[in-house]
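Take a look at the structure set out below.
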């Protein structure tokens, strides 16, 4: 199992509108894909009226991620209007191999 992490920053005044947009686009796209095992969206307020948005997605394999990204697993994928919300648009994402998930909903997983 692979965890994919993307982080972005939006003005706090646009945070909720951005999250609603992502619910209709990116989150919906993730949850319908073969090989995707879940999505978590987190936010936190930062100084200077900005908010960080973190999206974590769980994937069965790198091949499943590449199907989502069009073959560019380590690159961020953006939707049409995201530039209207984001202060910056990072190009890269981070992947983690999941080694253990004891105590999380869904049970235990160990390689």
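Residue numbers (full-length UniProt numbering): 1 to 111. The beta carbon of each residue, even a glycine, is placed where N, CA and C say it ideally should be.
DSSP puts residue i in a beta bridge; with which residues?
i          : result
residue 48 : Note: residue 48 sits in no beta bridge, so no partner.
residue 26 : Answer is none; residue 26 lacks a bridge partner.
residue 94 : 5
residue 40 : 56
residue 34 : Looking at the DSSP assignment, residue 34 forms no beta bridge with any residue, so it has no partner.
Quick test of your reading: residue i and residue j, contact by CB under 8 Å. State the CB separation rounded to the nearest angstrom.
i          : j          : result
residue 4  : residue 90 : Wrong, their Cβ atoms sit about 13 Å apart, outside the cutoff.
residue 77 : residue 68 : 7 Å
Quick check on the burial criterion: 16 or more other C-beta atoms within 10 angstroms. Buried or exposed for residue i?
i           : result
residue 187 : The question about residue 187 has no answer, for the chain in this structure spans 1 to 111.
residue 22  : buried
residue 111 : Low per-residue confidence applies at residue 111: pLDDT is 49, beneath 50, and the placement is therefore not dependable, though the value from the model is reported in the following sentence. Per the 10 Å Cβ criterion, exposed.
residue 79  : exposed
residue 57  : buried
Report the rounded CA-to-CA distance for residue i versus residue j, giving the unit in angstroms.
i          : j          : result
residue 9  : residue 64 : 26 Å
residue 73 : residue 16 : 27 Å
residue 96 : residue 70 : 19 Å
residue 11 : residue 39 : 22 Å
residue 98 : residue 81 : 32 Å
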